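Here the structure is laid out as structure tokens; the discussion comes afterwards.
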Amino acid sequence: MTKHIFITGGVVSSLGKGITAASIALLLKRRGYRIKIQKLDPYLNVDPGTMSPYQHGEVYVTDDGAETDLDLGHYERFAQLSCSQASNYTTGRIYSSVIQREREGGYLGKTVQVIPHITDEIKAAISTLDDDETDIAITEIGGTAGDIESLPFLEAIRQYRHEIGPENAIFIHLTLIPYIRAAGEMKTKPSQQSVGILRGIGIAPDILVCRSEKPMTEEHFEKLSLFCNVKRELVIEERDVANSIYEVPLELAKQELDRLVLDKLELPVNELKMDDWEKMVATVVNPPKGSVEIAVVGKYISLQDSYKSIYEALAHGGIANGAKVDVRMIEAEDIECDSAETYLTGVTGILVPGGFGDRGIEGKIAAIKYARENDVPFFGICLGMQCAVIEFARDVAGLEDAHSAEFKSDTADPVIDLMEKQKKITNMGGTMRLGAWPCELVETSKSFEAYAERKISERHRHRYEFNSEYLDVLKKAGLSIAGVSPASGLVEIVEIDTHPWFIACQFHPEFKSTPLNAHPLFKGFVAAAMK
Ligand code: GLN
Numbered sequence: 000m001t002k003h004i005f006i007t008g009g010v011v012s013s014l015g016k017g018i019t020a021a022s023i024a025l026l027l028k029r030r031g032y033r034i035k036i037q038k039l040d041p042y043l044n045v046d047p048g049t050m051s052p053y054q055h056g057e058v059y060v061t062d063d064g065a066e067t068d069l070d071l072g073h074y075e076r077f078a079q080l081s082c083s084q085a086s087n088y089t090t091g092r093i094y095s096s097v098i099q100r101e102r103e104g105g106y107l108g109k110t111v112q113v114i115p116h117i118t119d120e121i122k123a124a125i126s127t128l129d130d131d132e133t134d135i136a137i138t139e140i141g142g143t144a145g146d147i148e149s150l151p152f153l154e155a156i157r158q159y160r161h162e163i164g165p166e167n168a169i170f171i172h173l174t175l176i177p178y179i180r181a182a183g184e185m186k187t188k189p190s191q192q193s194v195g196i197l198r199g200i201g202i203a204p205d206i207l208v209c210r211s212e213k214p215m216t217e218e219h220f221e222k223l224s225l226f227c228n229v230k231r232e233l234v235i236e237e238r239d240v241a242n243s244i245y246e247v248p249l250e251l252a253k254q255e256l257d258r259l260v261l262d263k264l265e266l267p268v269n270e271l272k273m274d275d276w277e278k279m280v281a282t283v284v285n286p287p288k289g290s291v292e293i294a295v296v297g298k299y300i301s302l303q304d305s306y307k308s309i310y311e312a313l314a315h316g317g318i319a320n321g322a323k324v325d326v327r328m329i330e331a332e333d334i335e336c337d338s339a340e341t342y343l344t345g346v347t348g349i350l351v352p353g354g355f356g357d358r359g360i361e362g363k364i365a366a367i368k369y370a371r372e373n374d375v376p377f378f379g380i381c382l383g384m385q386c387a388v389i390e391f392a393r394d395v396a397g398l399e400d401a402h403s404a405e406f407k408s409d410t411a412d413p414v415i416d417l418m419e420k421q422k423k424i425t426n427m428g429g430t431m432r433l434g435a436w437p438c439e440l441v442e443t444s445k446s447f448e449a450y451a452e453r454k455i456s457e458r459h460r461h462r463y464e465f466n467s468e469y470l471d472v473l474k475k476a477g478l479s480i481a482g483v484s485p486a487s488g489l490v491e492i493v494e495i496d497t498h499p500w501f502i503a504c505q506f507h508p509e510f511k512s513t514p515l516n517a518h519p520l521f522k523g524f525v526a527a528a529m530k
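Here numbering that gives the first Met the number 0 is used: position 414 in the sequence shown is 413, and no number is missing along the way.
Set out below in structure tokens:
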């Protein structure tokens with residue numbers, strides 16, 4: 000039987016519930032358990048695919064093409080769990096299926112209601128994790144206790160535990176112990192109130208994980224234990240880590256959070272082996288080869304979460320090379336107002352990530368021109384690849400009006416264009432080219448050198464493609480095609496052979512990079528930047 004862990008959040012959002020959930024998943028996996036993990040998000044969008052990164056941060060993509068919350072990236076990076084459509088449900092998705100069933104007459108004349116129909120649908124989503132191959136399923140509930148929109152989810156997990164029994168399911172509540180600077184004190188009251196809200200709806204947390212800026216004292220632990228009705232040993236401190244989020248699992252392991260979880264679930268406690276993880280963290284804390292500065296030129300720079308997986312994958316590339324990657328974040332529009340030199344002088348690598356919409360496009364193109372002309376290692380991803388093709392077409396192949404049809408529909412040279420299939424699509428949600436697609440590498444390419452494999456599979460999320468009508472003219476001008484999609488012949492990777500390291504790919508390699516196993520292209524890019 001699959002046992003369940005439900006993780007809720009209290010007091011404020013952005014406490015790092017995803018990192019905590021991912022850390023618990025990692026520790027339990029290292030104790031020998033087979034883990035599955037999912038996130039339930041209480042907003043009304045069917046998935047985050049239609050949301051701006053400013054609203055929601057990055058949209059993370061799974062192999063099976065789900066557009067999901069970025070916390071799934073933490074799950075995959077920390078615990079190397081492979082996520083899928085079953086790993087992220089929103090209120091919108093739950094309601095859609097209930098309403099569709101109602102229209103089909105599936106409720107046989109009943110009045111369809113939040114309780115029991117919506118809560119049943121949520122329970123069905125949770126039970127997709129129940130199977131013979133899963134010992135422990137972890138479900139993270141988005142939002143904060145007390146939100147109106149979280150209520151059906153909290154009611155559903157209350158019922159779930161009631162049905163499978165307290166020895167088979169536990170509630171972990173992640174909360175904040177704020178430090179009030181003026182008073183020089185840390186406060187437990189918000190956490191007490193948050194637990195009070197949960198108790199009011201029938202959920203008594205088994206374990207309290209407390210996010211804090213400063214060390215908690217014994218008095219804080221005792222107070223939280225007494226007023227939140229949680230045993231002293233089940234109050235855990237999760238203090239801000241100094242260097243890297245990858246320290247979090249080690250900090251939680253020091254307090255034996257994983258053992259406490261297993262005890263509560265009445266499961267045997269096997270040995271915990273974290274040597275490789277500890278070694279990796281030691282490299283992050285003390286990189287033997289120093290640091291390297293890489294510029295990320297994008298459009299959503301002001302929000303740290305917008306390029307989450309990119310920043311993580313750069314850090315992984317650094318770990319694999321024994322170095323720390325310092326990211327210089329550059330707003331593409333600033334380059335448009337000034338020059339590329341102003342912002343890029345001194346960086347040893349330039350990365351242009353994915354994106355949508357034309358704001359900042361010319362700035363990204365200018366950054367790529369700068370990288371190409373000055374032999375600065377360049378890595379283009381998705382829109383970054385499309386911009387690299389536009390820049391090459393304009394400045395090397397002499398197609399002055401070259402553009403993507405996404406930004407200039409009447410361009411004389413749409414080097415990036417919509418495929419026929421995409422032209423008929425009117426619904427925006429879930430209709431891009433999504434998920435894992437195979438790609439075949441050319442053996443003389445730098446990409447092949449990085450992967451050391453001919454057949455690869457990478458995740459996609461885009462509508463526009465390299466327009467193969469321009470293949471010959473761009474190749475003649477010196478653009479190399481390093482990877483193509485075997486079935487369609489679509490161009491997946493372009494390179495410039497005469498440049499020290501210029502690789503641009505249509506897919507999103509950042510989604511498959513992990514701290515213990517950096518993505519080969521990120522590893523190669525950072526190595527080139529270090530040279
Ligand atoms: N906007 C581009 C497209 O839809 C690129 C998408 C992306 O970078 N993820 O094709």
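The beta carbon of each residue, even a glycine, is placed where N, CA and C say it ideally should be. Quantities reported herein were computed from a predicted structural model and do not represent experimental measurements.
Where does Val-276 fall in DSSP's three states?
-> For the purposes of this step, residue 276 is taken as the residue at position 277 of the sequence shown. Residue identity check: residue 276 is Trp in the sequence provided, not Val. Helix, per DSSP.
Burial state of Met-0, where buried means 16 or more other Cβ atoms lie within 10 Å | Here residue 0 is taken as the residue at index 1 of the sequence shown, counted from 1. By the neighbour-count criterion, in which 16 or more other beta carbons inside 10 Å mark a residue as buried, Met-0 falls on the exposed side.
Would you say the beta carbon of His-461 comes nearer than 6 angstroms to a heavy atom of the ligand GLN?
-> Numbered from its first residue, the sequence shown carries residue 461 at position 462. Correct: His-461 has its Cβ closer than 6 angstroms to the ligand GLN.
Tell me, please, whether the CB atom of Ala-181 is closer than 7 angstroms to any CB atom in chain B?
-> Of the protein chains in the structure, only one exists, and it is not chain B.
Could you tell me the boundaries of the beta strand (DSSP E) in which Gln-37 lies?
-> Position 38 of the sequence shown, counting from 1, holds the residue named residue 37. Looking at the DSSP string, the run of the beta strand (DSSP E) that includes Gln-37 is 34-40.
Out of His-3, Ala-20, Thr-61 and Asp-257, which has the shortest C-alpha to C-alpha gap to Arg-432?
-> On the sequence shown, position 433 is the one that residue 432 refers to. Measuring from the Cα of Arg-432, the nearest candidate turns out to be Thr-61.
Starting from Pro-151, follow the alpha helix (DSSP H) in both directions and report where the run begins and ends.
-> Translated into the one-based positions of the sequence shown, residue 151 becomes position 152. Note, Pro-151: alpha helix (DSSP H), 150-163.
What residue does the beta strand (DSSP E) around Ile-389 start on, and which one ends it?
-> The residue given as residue 389 occupies position 390 in the sequence shown. Note, Ile-389: premise wrong, no beta strand (DSSP E); alpha helix (DSSP H) at 382-394.
Cys-381 beta carbon near the ligand GLN (any heavy atom closer than 6 angstroms) = On the sequence shown, residue 381 is found 382 positions in, with the first residue counted as 1. Relative to the non-hydrogen atoms of the ligand GLN, the Cβ of Cys-381 comes within a distance shorter than 6 angstroms of at least one.
Whole-angstrom Cβ separation of Ile-179 and Arg-210, contact assumed at under 8 angstroms?
-> Looking up residue 179 in the sequence shown gives position 180. Looking up residue 210 in the sequence shown gives position 211. About 15 angstroms separates the CB atoms of Ile-179 and Arg-210; that is not less than 8 angstroms, and the two are not in contact.
If you count every other CB in all the chains shown that lies within 10 Å of the CB of Gly-199, and 16 or more means buried, which is it?
-> As a first step, residue 199 is located in the sequence shown; it is residue number 200 there, counting from the start. Exposed, by the Cβ-count rule.
Beta bridge counterpart(s) of Leu-207 as assigned by DSSP = As a working note, residue 207 is residue 208 in the sequence shown. His-172 and Val-234.
Which residues bound the beta strand (DSSP E) around Val-414?
-> Locating residue 414 in the sequence shown gives position 415, where the first residue counts as 1. Unbroken beta strand (DSSP E) run through Val-414: 413-417.
Assign Val-280 to buried or exposed, taking buried as 16 or more other Cβ atoms, counted over all protein chains shown, within 10 Å of its Cβ.
-> As a working mapping, residue 280 is identified with position 281 in the sequence shown. Val-280 comes out buried.
Write down the C-beta distance between Phe-510 and Ser-301 rounded to the nearest angstrom, noting that I regard them as a contact closer than 8 angstroms.
-> Here residue 510 refers to the residue found at position 511 of the sequence shown. Here residue 301 refers to the residue found at position 302 of the sequence shown. Between the beta-carbon of Phe-510 and that of Ser-301 there is about 22 angstroms, and that puts the pair past the 8 angstroms contact cut.
In three-state DSSP terms, what is Met-328?
-> On the sequence shown, residue 328 is found 329 positions in, with the first residue counted as 1. In the structure shown, the three-state DSSP call for Met-328 is strand.
Compare the Cα-Cα distances from Ala-155 to each of Ile-492, Ala-124 and Met-384 and report the closest residue.
-> As a working mapping, residue 155 is identified with position 156 in the sequence shown. The shortest Cα separation from Ala-155 among Ile-492, Ala-124 and Met-384 belongs to Ala-124.
Residues bridged to Cys-82 (per DSSP) = Against the sequence shown, residue 82 aligns to sequence position 83. DSSP lists no partner for Cys-82.
CA-CA distance, Thr-410 and Glu-212?
-> Indexing the sequence shown from 1 puts residue 410 at position 411. Indexing the sequence shown from 1 puts residue 212 at position 213. Rounded to the nearest angstrom, the two C-alpha atoms are 53 angstroms apart.
As assigned by DSSP and simplified to three states, the class of Leu-532 | As shown, the chain starts at 0 and ends at 530. That puts residue 532 outside it, with no answer to give.
Using beta-carbon positions only, say whether Tyr-74 and Ala-136 come within less than 7 angstroms of one another.
-> Within the sequence shown, the letter at position 75 stands for residue 74. Within the sequence shown, the letter at position 137 stands for residue 136. No, they are not a contact pair.
Is Lys-105 near the ligand GLN, in the sense that its beta carbon is under 6 angstroms from a heavy atom of that ligand?
-> Position 106 of the sequence shown, counted from the first residue, corresponds to residue 105. Note on identity: in this sequence residue 105 is Gly, with Lys being the wrong assignment. Flag unset: Cβ of Gly-105 not near the ligand GLN.
Could you name the residues that DSSP lists as bridge partners for Asn-516?
-> Counting from one through the sequence shown, the residue named residue 516 turns up at place 517. Partner(s): Thr-513.
Is the beta carbon of Gly-64 within less than 6 angstroms of some heavy atom of the ligand GLN?
-> In the sequence shown, residue 64 corresponds to position 65, counting from 1. Because no heavy atom of the ligand GLN lies under 6 angstroms away, the Cβ of Gly-64 does not count as near it: no.
Could you tell me which residues DSSP pairs with Glu-184 in its beta bridges?
-> Start at 1 with the first residue of the sequence shown, and residue 184 comes out as number 185. DSSP lists Ile-179 as partners of Glu-184.
Helix, strand or coil for Thr-443 per DSSP?
-> Residue numbering aside, residue 443 sits at position 444 when the sequence shown is read from its first letter. In the three-state DSSP reduction, Thr-443 falls in the coil class, being neither helix nor strand.
Based on Cα-Cα distance, which residue from Lys-186, Met-273, Ala-528 and Ala-65 lies nearest to Leu-515?
-> Walking along the sequence shown from the start, residue 515 turns up at place 516. Closest option to Leu-515, Cα to Cα, is Met-273.
Whose CA, out of Gln-84, Tyr-53 and Phe-77, lies closest to the CA of Pro-39?
-> The sequence position of residue 39 within the sequence shown is 40, counting from 1. For the sequence presented, residue 39 should be read as Leu rather than Pro. Nearest Cα to Leu-39 within the set Gln-84, Tyr-53 and Phe-77: Gln-84.
Under a Cβ-count criterion, where at least 16 other Cβ atoms within 10 Å of its own Cβ denotes burial, should Thr-174 be classed as buried or exposed?
-> Taking the first residue of the sequence shown as position 1, residue 174 is located at position 175. That one is buried.
Proximity test, Phe-521 beta-carbon vs the ligand GLN heavy atom, cut-off 6 angstroms = Start at 1 with the first residue of the sequence shown, and residue 521 comes out as number 522. Result no, Cβ not under 6 angstroms from the ligand GLN.
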